[in-house]
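Worksheet: the structure to be examined is printed underneath.
Number of protein chains: 2
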Amino acid sequence: MSEPIDTLPDLERVRAAARRIAPHARVTPVMRCSALEALCGAELYFKCEHLQRGGAFKFRGACNAVWSLDDAQAARGVVTHSSGNHGNALALAAATRGIAAHVVVPEGAVRAKLAAIERAGATLHRCAPTQAAREAMCAEVQRATGAELVHPYADDRVIAGQGTLALELLQQIPELDALVTPVGGGGLASGVAIAAHGLDPALDLFGAEPSGADDAAQSLIAGKRVTTMVPDTVCDGLRALVGERNLDVLRMHRVEVMTVSDAETIAAMRLLWSELKQVVEVSSATVLAAILKQPQRFAGRRVGVVLTGGNVDLDALPW
Amino acid sequence: MSEPIDTLPDLERVRAAARRIAPHARVTPVMRCSALEALCGAELYFKCEHLQRGGAFKFRGACNAVWSLDDAQAARGVVTHSSGNHGNALALAAATRGIAAHVVVPEGAVRAKLAAIERAGATLHRCAPTQAAREAMCAEVQRATGAELVHPYADDRVIAGQGTLALELLQQIPELDALVTPVGGGGLASGVAIAAHGLDPALDLFGAEPSGADDAAQSLIAGKRVTTMVPDTVCDGLRALVGERNLDVLRMHRVEVMTVSDAETIAAMRLLWSELKQVVEVSSATVLAAILKQPQRFAGRRVGVVLTGGNVDLDALPW
Chain A
1 MSEPIDTLPD
11 LERVRAAARR
21 IAPHARVTPV
31 MRCSALEALC
41 GAELYFKCEH
51 LQRGGAFKFR
61 GACNAVWSLD
71 DAQAARGVVT
81 HSSGNHGNAL
91 ALAAATRGIA
101 AHVVVPEGAV
111 RAKLAAIERA
121 GATLHRCAPT
131 QAAREAMCAE
141 VQRATGAELV
151 HPYADDRVIA
161 GQGTLALELL
171 QQIPELDALV
181 TPVGGGGLAS
191 GVAIAAHGLD
201 PALDLFGAEP
211 SGADDAAQSL
221 IAGKRVTTMV
231 PDTVCDGLRA
241 LVGERNLDVL
251 RMHRVEVMTV
261 SDAETIAAMR
271 LLWSELKQVV
281 EVSSATVLAA
291 ILKQPQRFAG
301 RRVGVVLTGG
311 NVDLDALPW
Chain B
320 MSEPIDTLPD
330 LERVRAAARR
340 IAPHARVTPV
350 MRCSALEALC
360 GAELYFKCEH
370 LQRGGAFKFR
380 GACNAVWSLD
390 DAQAARGVVT
400 HSSGNHGNAL
410 ALAAATRGIA
420 AHVVVPEGAV
430 RAKLAAIERA
440 GATLHRCAPT
450 QAAREAMCAE
460 VQRATGAELV
470 HPYADDRVIA
480 GQGTLALELL
490 QQIPELDALV
500 TPVGGGGLAS
510 GVAIAAHGLD
520 PALDLFGAEP
530 SGADDAAQSL
540 IAGKRVTTMV
550 PDTVCDGLRA
560 LVGERNLDVL
570 RMHRVEVMTV
580 SDAETIAAMR
590 LLWSELKQVV
600 EVSSATVLAA
610 ILKQPQRFAG
620 RRVGVVLTGG
630 NVDLDALPW
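Chains as they are written, first to last, in the numbering used here: chain A, 1 to 319; chain B, 320 to 638.
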């Protein structure tokens with residue numbers, strides 16, 4: 001499956017994605033918060049992707065994938081597996097083109113996210129909460145419908161689409177010193193790395209990963225992809241194993257992955273709610289948790305902080 | 320105490336307040352949300368005062384009051400009674416001028432709000448949760464310190480300060496058809512009425528009041544101020560009885576006060592959290608509840624919706 005590294009998406013493909021999704025995606029705002037800046041000792045520029053269509057950055061990648069299809073492919077629809085936000089995003093993106101979407105969802109996914117996927121008009125297919133079960137069910141739907149697989153992160157169209165977030169942020173705030181994103185499957189982190197370093201190779205790139213799902217951090221240390229991990233974290237959006245191509249990009253771009261405990265992440269989530277007044281999901285808070293854990297890495301710097309999503313089950317808050 | 324109606328603040332005093340607070344207050348953003356607009360059948364322009372300094376619109380009025388004092392008055396400090404947000408705002412405003420602030424708080428006030436007041440450097444004075452007890456304790460602090468009383472709403476400097484919100488909103492979105500604010504003591508509703516009608520006399524003005532604290536609605540019907548009500552509502556920011564001068568303004572400007580049950584308000588609060596992704600306090604949600612209750616009043620119109628505050632006790636959510 002893995003193509004040579006030199007065919008990975010580049011800045012031009014991210015720019016093409018930005019043009020492709022512009023009629024459908026929102027330009028999300030950047031927020032600052034003096035209380036959080038005082039706490040961290042850094043200038044924090046929160047990129048508000050929880051205000052993106054569908055409530056998460058995932059719409060960017062899904063939309064780029066859907067509008068990259070030729071008409072014959074598109075007519076057979078799209079399929080993916082997702083714990084929620086990517087599934088929702090693909091459903092919404094498919095709707096912008098009037099094509100069918102099939103979403104394979106693992107048991108245990110956040111209820112609010114599943115309801116949103118159905119509202120967007122997609123068909124849900126439930127499976128066990130393992131990578132293997134997701135992939136098997138996806139393959140089955142592909143066979144039955146001929147739908148095009150749009151993988152949540154190991155897909156160049158998705159990587160390029162997520163990268164548009166960094167293009168947009170660096171247009172809004174050109175003089176950043178560092179940029180921090182959560183790391184799950186690595187679609188966002190790899191797309192952002194390609195776009196951000198394409199514009200500014202001196203930018204320091206960081207990933208934030210739950211210590212209970214730190215396969216990307218372990219993989220970077222081991223020098224090869226660690227695939228034996230059983231994720232154990234409250235961050236439902238970050239349980240996926242990092243993709244091989246995504247890991248290649250993280251390594252090439254020297255993305256430093258910092259790990260945070262669930263307790264640190266939940267505390268950071270409360271801060272984002274109480275100080276920034278933004279409803280962000282727990283996975284989004286890993287980033288602030290990482291900055292608060294190692295403030296010396298960011299002291300006095302201008303830091304872009306990606307708030308990835310805001311789809312929360314208000315009846316099941318993690319505190 | 321009550322002055323003749325012709326001395327009430329006018330648009331010029333609101334403009335003066337806007338100049339006075341400009342170095343200290345934030346210009347808050349206006350947000351839209353397609354899901355909520357579809358639900359209401361109207362264009363909704365949410366004025367995000369939960370992102371104002373101190374997490375509530377109250378900073379506008381308090382700041383105008385503090386910077387209206389002459390130096391001798393200012394040196395003796397300021398005092399107020401408040402269930403939270405005005406107290407916090409006055410503490411923050413006093414800090415911008417380096418003067419003392421005393422805040423009388425009723426038992427039962429939201430813990431997160433009291434903590435914020437203390438962080439801002441004010442002295443807390445606790446009293447029983449009645450209007451009479453608040454006023455008695457306030458008078459005692461005034462006697463002891465010579466501090467200037469800055470009433471939460473029955474104060475022209477505060478009314479003019481709150482009115483700056485409407486100036487700002489109508490600068491951001493000039494073509495509104497209607498404007499809805501919560502009604503508690505009426506400081507916001509009266510200031511907004513003066514400013515909004517000063518700029519556009521054709522604008523329809525609405526207030527939203529909890530049915531368990533609907534003294535303003537009752538007072539407008541009765542043609543005189545109803546003062547016998549014992550407030551019973553989850554909206555901790557809207558329990559105060561409407562002020563006499565504030566009521567005069569609501570009547571003069573034909574502000575229509577709509578009442579909503581706590582259940583309707585809590586449902587609207589959940590919608591603001593899940594769809595708009597904004598952490599707003601329950602009092603703020605009365606406004607969306609009112610629109611959802613009588614959508615025909617707003618159908619197809621451009622409606623300014625004031626989100627008044629975002630200081631929430633995350634451990635005591637009302638659902």
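Every residue gets a Cβ at the ideal spot worked out from N, C-alpha and C, and that includes glycine.
When the beta-carbon positions are compared, Phe365 (chain B) and Ala408 (chain B) stay at least 9 Å from each other. For the 9 Å CB-CB criterion, Val104 (chain A) and Val150 (chain A) do not form a contact.
The secondary-structure analysis by DSSP pairs Pro637 (chain B) with nothing; it has no beta-bridge partner. Counting along the chain, no beta strand (DSSP E) covers Met571 (chain B); the unbroken alpha helix (DSSP H) around it starts and ends at Glu563 to Met571. Under the DSSP assignment, Gly161 (chain A) falls in the alpha helix (DSSP H) whose first and last residues are Asp156 to Gln172. For Ala410 (chain B), the enclosing alpha helix (DSSP H) has its first and last residue at Asn404 to Arg416. Taking a Cβ-Cβ cut-off of 9 Å, Gly41 (chain A) has no neighbours in chain B, whose nearest Cβ is about 18 Å from it. The continuous alpha helix (DSSP H) containing Thr286 (chain A) extends over residues Thr286 to Lys293.
In the DSSP assignment, Tyr364 (chain B) is bridged to B:Gly623.
The C-beta of Asp315 (chain A) comes closer than 9 Å to at least one C-beta of chain B.
Chain-order list of chain B residues neighbouring Gly55 (chain A): Lys596, by C-beta distance under 7 Å. In the three-state reduction of the DSSP assignment, Glu426 (chain B) falls in the coil class, being assigned neither a helical nor a strand state. In its chain, beyond the 5 residues on either side, Asn88, Ala91, Leu92 and Ala95 have a beta carbon closer than 7 Å to the beta carbon of Ala120 (chain A).
Nearest Cα to Leu488 (chain B) within the set B:Arg332, B:Arg621, B:Leu633 and B:Gly629: B:Arg621. Put simply, the backbone Cα of Arg76 (chain A) is about 11 Å away from that of Asp70 (chain A).
For Arg558 (chain B), no alpha helix (DSSP H) encloses it, and the DSSP letter there is neither H nor E.
Taking a Cβ-Cβ cut-off of 8 Å, the neighbours of Ala431 (chain B) in chain A comprise Ser274, given in sequence order. Distance from the CA atom of Thr233 (chain A) to the CA atom of Val110 (chain A), rounded to whole angstroms, is 14 Å. Among the CB atoms of chain A, none fall inside 9 Å of the CB of Gly403 (chain B).
Secondary structure at Thr442 (chain B): strand, using DSSP grouped into helix, strand and coil. Check the Cα spacing between Gly163 (chain A) and each of A:Leu199, A:Ala178 and A:Ala285: the tightest is with A:Leu199. The C-beta distance from Gly504 (chain B) to Asn565 (chain B) rounds to 6 Å, short enough to fall under 8 Å. Of the candidates B:Ala451, B:Glu594, B:Glu600 and B:Leu595, the residue whose Cα lies closest to the Cα of Ser274 (chain A) is B:Glu600.
In the three-state reduction of the DSSP assignment, Gln142 (chain A) falls in the helix class, which pools H, G and I. Beta-bridge partners assigned by DSSP to His102 (chain A): A:Val79 and A:Thr123.
Secondary structure at Leu498 (chain B): strand, using DSSP grouped into helix, strand and coil. Within the same chain, His572 come within 6 Å of His516 (chain B) by CB-CB distance, once the 5 residues on both sides are set aside. For the region 333-348 of chain B, the set of positions with a beta-carbon nearer than 9 Å to some beta-carbon of chain A reads Pro348 in chain order. Chain-order list of chain A residues neighbouring Leu370 (chain B): Lys277, by C-beta distance under 7 Å. By the rule that beta-carbons nearer than 9 Å mark a contact, Arg270 (chain A) touches chain B. Sequence-distant partners of Glu37 (chain A) (beyond 5 residues in either direction) whose C-beta falls short of 7 Å from its own C-beta, in its chain, are Glu43 and Leu44. The beta carbons of Asn630 (chain B) and Ala344 (chain B) sit about 17 Å from each other, so the pair does not count as a contact at 8 Å. Nearest to Thr265 (chain A) by C-alpha distance, out of A:Arg126, A:Gln171, A:Pro210 and A:Leu176, is A:Pro210.
Chain order gives the chain B residues near Gly310 (chain A) as Lys596, where near means a beta carbon separation below 8 Å. Any Cβ of chain A closer than 9 Å to the Cβ of Val599 (chain B) would place that residue at the interface, and such an atom is present. Scanning chain A for C-beta atoms nearer than 9 Å to the C-beta of Trp386 (chain B) yields nothing, as the closest lies near 20 Å away.
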